[in-house]
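Notes for the one structure printed next.
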Amino acid sequence: MWYWFFKFFVIGPAAMLLLRCRWAGRANLPRRGPCVIAANHRTMLDPALISLGVPRRVIFVAKLKYYRGQDRKGRLMAWFLQAIGQTPIDPASGDAAAPALDTARALLSRGGVWAVFPEGTRSSQDQVHRGHTGVMRVALPLGVPVIPAGVIGTSHVHSPWYDGRFRRSAVTVRYGEPLDLTPWRDRPDDPQAWREATDALMAAIARLSEQEYVDVYAVSQSG
3 MWYWFFKFFV IGPAAMLLLR CRWAGRANLP RRGPCVIAAN HRTMLDPALI SLGVPRRVIF
63 VAKLKYYRGQ DRKGRLMAWF LQAIGQTPID PASGDAAAPA LDTARALLSR GGVWAVFPEG
123 TRSSQDQVHR GHTGVMRVAL PLGVPVIPAG VIGTSHVHSP WYDGRFRRSA VTVRYGEPLD
183 LTPWRDRPDD PQAWREATDA LMAAIARLSE QEYVDVYAVS QSG
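Take the position in the sequence shown, starting the count at 1, then add 2; the result is the number in my numbering.
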């Protein structure tokens with residue numbers, strides 16, 4: 003209930019009022035059945051904008067620290083994330099991805115939509131970095147489609163009144179065609195296959211987001 007309320011009555015109207023939003027390639031999104039959406043990540047706006055272009059419930063993961071705030075703002079954030087069904091992940095744990103990947107497997111097995119940022123953190127530059135292989139650790143064994151997505155413009159969003167006139171920032175989300183996973187289908191549990199498929203995914207994300215790909219991991223951001 004809360005997910006749809008926030009999506010269509012709070013976040014959606016706010017985005018349309020304050021931003022010039024465009025969603026391209028929505029025909030590439032499956033209408034039913036499981037799928038993974040994997041995108042670049044520049045700002046905290048990205049999850050909301052990606053979700054708004056998908057007419058289904060989309061589940062992301064969020065850092066565990068956002069569920070542990072003790073002040074009023076922190077408690078409100080924790081309630082909001084729990085209300086919309088997002089999944090916590092602890093970057094400091096021994097295998098940080100394991101609980102989130104288990105949750106993703108269960109979600110996809112039920113026919114849900116899992117969205118993820120393979121870079122693992124927000125990028126501080128307009129570049130797409132080397133991706134972590136968790137997406138393929140889940141997608142290849144389950145045989146679910148992986149949709150690359152590119153978010154453009156969120157790093158340049160400004161106040162609508164920044165120059166004294168009401169002017170909305172332009173942002174675009176592009177959903178690409180499902181990644182062709184045929185070369186790795188017969189090696190669903192092979193770490194080398196995960197790596198190769200992830201590299202192909204990041205190349206597709208870089209094209210869609212019109213950003214340069216750099217083959218190094220992104221430095222973790224504070225948020």
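A virtual CB, placed ideally from N, CA and C, is assigned to each residue, including glycine.
- Item | Other residues of its chain near A199: CB distance less than 7 Å, five sequence neighbours each side excluded | Position 197 of the sequence shown, counted from the start, is the residue given in the question as residue 199. These residues qualify, in order along the chain: M138, L142, L183, W186.
- Query: Does the Cβ-Cβ distance between Q88 and F62 come in under 8 Å?
  - Reply: Within the sequence shown, the letter at position 86 stands for residue 88. Within the sequence shown, the letter at position 60 stands for residue 62. In this structure, F62 lies closer than 8 Å to Q88 by Cβ.
- Message: Less than 8 Å between CB atoms is the rule here; does S53 satisfy it with respect to chain C?
- Response: Of the protein chains in this structure there is only one, and it is not chain C.
- Cα-Cα separation between R132 and V218, rounded to whole angstroms: Reading the sequence shown from its first residue, position 130 is the one you call residue 132. Reading the sequence shown from its first residue, position 216 is the one you call residue 218. Looking at the two C-alpha atoms, the distance is approximately 5 Å.
- Message: Out of G55, A50, A205, which one is the CA nearest neighbour of E247?
- Response: Residue 247 lies beyond the range of the chain shown here (3 to 225); nothing can be said about it.
- Query: Anyone know if the C-beta pair for D48 and V153 falls short of 8 Å?
  - Reply: One-based indexing of the sequence shown puts residue 48 at position 46. One-based indexing of the sequence shown puts residue 153 at position 151. Cβ distance < 8 Å, so D48 and V153 count as in contact.
- Message: I need the DSSP call for K9, collapsed to helix, strand or coil.
- Response: Residue numbering aside, residue 9 sits at position 7 when the sequence shown is read from its first letter. K9: helix per DSSP, three-state reduction.
- In terms of residues, what are the limits of the alpha helix (DSSP H) holding E198? Sequence index remark: in the sequence shown, residue 198 carries index 196 (1-based). Taken as a continuous stretch (DSSP letters only), the alpha helix (DSSP H) holding E198 covers 193–211.
- Going by C-alpha distance, which of H43, P147, D192, A80 is nearest E212? Residue 212 sits at position 210 when you count from the first residue of the sequence shown. That would be H43, whose Cα lies nearest to the Cα of E212.
- Message: Let me check understanding here. Comparing Cα to Cα, which of V173, A41, I52, T135 lies closest to R197?
- Response: Counted from its first residue, the sequence shown places residue 197 at position 195. Ranking the options by Cα distance to R197, first place goes to T135.
- Selection from F10, V56, A151 that minimises the alpha carbon distance to I207: Within the sequence shown, numbered from 1, the residue matching residue 207 stands at position 205. Comparing Cα positions, the closest option is A151.
- Query: Should V12 go down as buried or exposed, given a rule of 16 or more other Cβ atoms within 10 Å for buried?
  - Reply: Taking the first residue of the sequence shown as 1, we reach residue 12 at position 10. V12 comes out exposed.
- Item | Length of the line joining the Cα atoms of V159 and Q129 | Locating residue 159 in the sequence shown gives position 157, counting from the first residue. Locating residue 129 in the sequence shown gives position 127, counting from the first residue. If you take the alpha carbons of V159 and Q129, they lie about 17 Å apart.
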